[in-house]
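Asks:
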Amino acid sequence: MGTTKKKTVRRKLKKAKAVVSRHKSTKVRRRPLGIKFKIPKRWLEWAGFTAVPVVAVAIVGVVWQVYSPRTANNAVIQAVTRAGPLAQEFAEASRLADTGARIAYWSDKIIKDRALTVKLRSLENPPLIEDSAPLVPYKYDCTTFVETVSALVRSAKPADFYKNLLAIRYADGKYNYTDRNHFPEADWLPNNIRSGLVRDVSGEVARAGGFDASTVTKTINRGQWLARQTRNGKISRALASAATSTDWSAPVRAGVTYIPREKIGAVIDAIPGGTIMNIVRSDNPKKPVLITHQGFVVKNAGKTYFRHAMPDGRMRTVALEGYLKSVRSTGAWPVIGVNLVRLN
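Next up, the structure:
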């Protein structure tokens, strides 16, 4: 019995040693360096599938570098410099003999073609000015829109543009902040009428409707307005000091001829296409101006529109009657009518 147990134990120990011996003698087989590793077919299919979007992303990146807005602007500037800026646009405008048609053409171009503003900013030999804003803005307000379009209409060729823009924006050939036509009723209208660039047709249009135009007056205090602009950081103190050294401190009495709001409907068809329309408000002592907005009257397919740049920089063409109904006619500072001027 005892002998049998001993034999059984010896047998188990022998088997255990044999197992350990096999494990110790087992060696890891290493692949010879000369043998190539075979990639599974599934891996190759997966790599081919993912390569397509990776390549697509790379192509998009290259295209973005070439055609990003900044690069696109530079490309436009370079192309314009080589081919002659605005040559095609001026050729098209030259075929339009009527001033109203040219105003419609150029104003529509500015709205629809972003590259046009880039071209205007790239014209050679820009004049030196001492002002807080560039000659051609990145974003138009109502007045810079009217001035830019008017300068283009009065220009026979691109080289004339700067000269005509300066003439309508500044007074007496002085291109600085002080002599800019800031106030529509005290500067912009009287200075441009005196220089012969525009003429007031409010009375003419009113008479076509069988009535007389009205007049509103206001005392303009440039000094107070300038101080407010300086406090709000809209101009530098250097520009402000140059202005205060002149006659800006003296109040100016200004008057505006206008067609009353309630009578515009009777003469809307008599307003010529291309007319500059100024929105006139009542005299409110707390407000610095009478005219608060400008734009163009545009005729198209027998209908009358108002084309203008809004305070937020958007430029729109809307039905004139609908626009006039939308502006405030009541309250402390109501719209009382419109002033109309034409380019000469």
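Converting from the sequence shown to my numbering requires adding 2 to each position, the first position being numbered 1. The beta-carbon is built from N, C-alpha and C at its ideal position, and this holds for glycine as well. Computed from a prediction, not measured in an experiment: that's the story for all the values here.
Please report the distance separating the alpha-carbon of V282 from that of K159.
Replies: Locating residue 282 in the sequence shown gives position 280, where the first residue counts as 1. Locating residue 159 in the sequence shown gives position 157, where the first residue counts as 1. Roughly 34 Å between the two C-alpha positions.
Asks: Taking only the alpha-carbon atoms, compute the straight-line gap between T232 and L167 and give it to the nearest angstrom.
Replies: Here the question's residue 232 lines up with position 230 in the sequence shown. Here the question's residue 167 lines up with position 165 in the sequence shown. Distance between the alpha carbons of T232 and L167 is about 26 Å.
Asks: Can you pull the DSSP bridge partners for H310?
Replies: Working through the sequence shown from its first residue, we reach residue 310 at position 308. Answer by DSSP bridge pairing, in chain order: R318.
Asks: Can you list the alpha helix (DSSP H) stretches of 4 or more residues lying completely in the segment 134-164, in chain order?
Replies: As far as the segment 134-164 is concerned, its whole alpha helix (DSSP H) runs of at least 4 residues are 144-155.
Asks: Identify the continuous beta strand (DSSP E) that holds P336 and give its terminal residues.
Replies: As a first step, residue 336 must be located in the sequence shown, where it is residue number 334. Here P336 belongs to no beta strand (DSSP E), and DSSP marks it neither H nor E.
Asks: Considering only residues of the same chain and omitting the five flanking positions on each side of I222, which have a CB-CB separation below 6 Å?
Replies: Sequence index remark: in the sequence shown, residue 222 carries index 220 (1-based). So the qualifying residues of the chain are F185, A188, V254 and A256.
Asks: Would you kindly report the start and end of the unbroken beta strand (DSSP E) that includes D202?
Replies: Looking up residue 202 in the sequence shown gives position 200. Start and end: V200 to D202.
Asks: Between V320 and V329, how many whole angstroms is the CB-CB distance? I'm expecting something under 8 Å.
Replies: Mapped onto the sequence shown, residue 320 falls at position 318. Mapped onto the sequence shown, residue 329 falls at position 327. In fact, because the Cβ distance is near 11 Å, the residues do not count as touching under 8 Å.
Asks: So what's P114 in DSSP terms, helix, strand or just coil?
Replies: The residue labelled residue 114 in the question sits at position 112 within the sequence shown. Here residue 114 is Lys; the residue named in the question, Pro, does not match the sequence. It is helical.
Asks: Quick check: Q296 and I278, are their CB atoms within less than 8 Å of each other?
Replies: Start at 1 with the first residue of the sequence shown, and residue 296 comes out as number 294. Start at 1 with the first residue of the sequence shown, and residue 278 comes out as number 276. Going by C-beta atoms, Q296 is nearer than 8 Å to I278.
Asks: I'd like to know whether the C-beta atoms of N341 and S204 end up nearer to each other than 8 Å.
Replies: Position 339 of the sequence shown, counted from the first residue, corresponds to residue 341. Position 202 of the sequence shown, counted from the first residue, corresponds to residue 204. Taking 8 Å as the Cβ cut-off, N341 and S204 qualify as a contacting pair.
Asks: With a cut-off of 8 Å on the beta carbons, I'd call Y164 and P129 a contact; round off their distance for me.
Replies: Against the sequence shown, residue 164 aligns to sequence position 162. Against the sequence shown, residue 129 aligns to sequence position 127. Right, the Cβ-Cβ distance comes to about 6 Å (below 8 Å), so this counts as a contact.
Asks: I'd like the list of long-range same chain contacts for G315, defined as Cβ closer than 6 Å, with 5 residues on each side in sequence excluded.
Replies: Counting from one through the sequence shown, the residue named residue 315 turns up at place 313. Cβ within range, chain order: K141.
Asks: What is the residue span of the alpha helix (DSSP H) that S96 lies within?
Replies: For the purposes of this step, residue 96 is taken as residue 94 along the sequence shown, with counting starting at 1. That run of the alpha helix (DSSP H) goes A89 to S96.
Asks: To the nearest angstrom, how far is it from the Cα of L292 to the Cα of F213?
Replies: The residue you call residue 292 lines up with position 290 of the sequence shown. The residue you call residue 213 lines up with position 211 of the sequence shown. Their backbone Cα atoms lie some 22 Å apart in a straight line.
Asks: Taking the straight line between their C-alpha atoms, what separation do you get for S197 and R344?
Replies: As a position in the sequence shown, residue 197 is number 195, starting the count at 1. As a position in the sequence shown, residue 344 is number 342, starting the count at 1. Distance between the alpha carbons of S197 and R344 is about 13 Å.
Asks: Going by C-alpha to C-alpha distance, which of K288, S331 and G275 sits closest to G102?
Replies: For this step, residue 102 is matched to residue 100 along the sequence shown. For G102, the nearest C-alpha among the options comes from G275.
Asks: Which residues does DSSP pair with T219 in a beta bridge?
Replies: Locating residue 219 in the sequence shown gives position 217, where the first residue counts as 1. According to DSSP, T219 bridges with G257.
Asks: So for L342, helix, strand or coil by DSSP?
Replies: For the purposes of this step, residue 342 is taken as residue 340 along the sequence shown, with counting starting at 1. Here L342 sits in strand by DSSP.
Asks: For G267, report the span of its alpha helix (DSSP H) as first-last.
Replies: Numbered from 1 along the sequence shown, position 265 holds the residue referred to as residue 267. G267 -> alpha helix (DSSP H) spans I266 to V269.
Asks: Could you give the residue range of the beta strand (DSSP E) that holds T232?
Replies: Here residue 232 is taken as the residue at index 230 of the sequence shown, counted from 1. Element bounds for T232: not the beta strand (DSSP E) but the alpha helix (DSSP H), R224 to R233.
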